[in-house]
Amino acid sequence: GENVEQHPSTLSVQEGDSAVIKCTYSDSASNYFPWYKQELGKGPQLIIDIRSNVGEKKDQRIAVTLNKTAKHFSLHITETQPEDSAVYFCAASINFGNEKLTFGTGTRLTIIP
Amino acid sequence: DTAVSQTPKYLVTQMGNDKSIKCEQNLGHDTMYWYKQDSKKFLKIMFSYNNKELIINETVPNRFSPKSPDKAHLNLHINSLELGDSAVYFCASSRGPTSSYEQYFGPGTRLTVT
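Residue numbers (the numbering used here), protein chains in the order written: chain A, 769 to 881; chain B, 271 to 384.
Shown next, in the form of structure tokens:
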């Protein structure tokens, strides 16, 4: 089955700087890669996703890149703000039928004011 | 309006007891899920139902039994609770069973087994 590795497990950045979180996946058939943000005491929430036919996707301060050859994808947050502090999860799946999402191990991002 | 709600939010119980967690979604979604998040924040799917039919059943002890009385509800019953069952359990829902549909998570139920 699919295995998703995520790094780093913790990340602290100064407010205004950029943050990058990286994930690798094992199943070359995976073609859908979402990112979820989990704030303290809440459930995860989708913030951005990318499909295998696209190399990069951007939504305001958040961007995701995908390298299918290397089987890795990354989340980039620019101009970080205190409200970006949360745990971020990458995930991968095969977008077909009843295939499940396999989540990475999470990155706790702390924005230092 | 809460999209995905779970009750209770906190559950403290002793080993050997039987307990249930309830989940309801008012989004009109067809698919619902149960996830377990352990103390290291690792998030793993347990079950998924689509239109009340079980479609994903991970390697979960048979002490865990989901039940979907209708599309809007997915409950989780746990028999003979063990210390290792302590975790946060999240219910989620999506428009359909295909993984590319956004999953909407509930606020979680923190289960502590003593």
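Heads up, the beta-carbon is just placed ideally off N, CA and C, and yes, glycines get one too.
{"Asked": "Can you name, in chain order, every residue of its own chain whose Cβ lies under 7 Å from the Cβ of His775(A), other than the five neighbours on each side?", "Found": "Lys790"}
{"Asked": "Quick one, which of Tyr305(B), Thr301(B) and Leu381(B) has its alpha-carbon nearest Gly366(B)'s?", "Found": "Thr301(B)"}
{"Asked": "Can you confirm whether the segment 283-295 of chain B touches the segment 830-841 of chain A when touching is taken to mean that 3 or more C-beta pairs between the two stretches lie within less than 8 Å?", "Found": "no"}
{"Asked": "Can you look up Pro850(A) in the DSSP assignment and give me helix, strand or coil?", "Found": "helix"}
{"Asked": "Quick check on Val822(A): buried or exposed, where buried means 16 or more other Cβ atoms within 10 Å of its Cβ?", "Found": "exposed"}
{"Asked": "In chain B, which residues lie with their C-beta within 8 Å of the C-beta of Ser861(A)?", "Found": "Ser369 and Ser370"}
{"Asked": "Can you give the beta carbon distance from His840(A) to Ser786(A), rounded, assuming they're within the 8 Å contact cut?", "Found": "So it is not a contact: roughly 18 Å between Cβ atoms."}
{"Asked": "If you draw a straight line from the alpha carbon of Lys322(B) to that of Gly298(B), how long is it in whole angstroms?", "Found": "13 Å"}
{"Asked": "Quick check: what's the CA-CA separation for Phe864(A) versus Val855(A)?", "Found": "27 Å"}
{"Asked": "Measuring only the C-alpha atoms, how far is Pro331(B) from Ser861(A)?", "Found": "24 Å"}
{"Asked": "Kindly identify the DSSP beta-bridge partner or partners of Ile818(A).", "Found": "Phe801(A)"}
{"Asked": "Give me the residue from Val383(B), Leu381(B), Phe360(B) and Arg380(B) with the minimum Cα distance to Gln373(B).", "Found": "Phe360(B)"}
{"Asked": "Exposed or buried, which one is Gln307(B) when buried takes at least 16 other CB atoms within 10 Å?", "Found": "buried"}
{"Asked": "What are the start and end residues of the beta strand (DSSP E) that includes Tyr371(B)?", "Found": "Counting along the chain, Tyr371(B) falls outside any beta strand (DSSP E), and DSSP gives it neither H nor E."}
{"Asked": "Name the one or two DSSP bridge partners that Phe864(A) has.", "Found": "Paired residues: none, contrary to the question."}
{"Asked": "Hey, is Leu814(A)'s beta-carbon within less than 8 Å of any beta-carbon in chain B?", "Found": "yes"}
{"Asked": "Can you tell me which residues form a DSSP beta bridge with Lys790(A)?", "Found": "His775(A) and Ser842(A)"}
{"Asked": "Counting only the same chain and skipping the five closest in sequence on each side, list residues whose C-beta sits under 7 Å from that of Glu783(A).", "Found": "Thr848, Gln849, Pro850, Ile879, Ile880 and Pro881"}
{"Asked": "In terms of alpha-carbon separation, which member of Ser820(A), Asp795(A), Thr837(A) and Ile816(A) lies closest to Arg829(A)?", "Found": "Ile816(A)"}
{"Asked": "So, with DSSP's three-state summary, where would you put Leu281(B)?", "Found": "strand"}
{"Asked": "Output yes if chain A places a C-beta closer than 8 Å to the C-beta of Lys289(B); else output no.", "Found": "no"}
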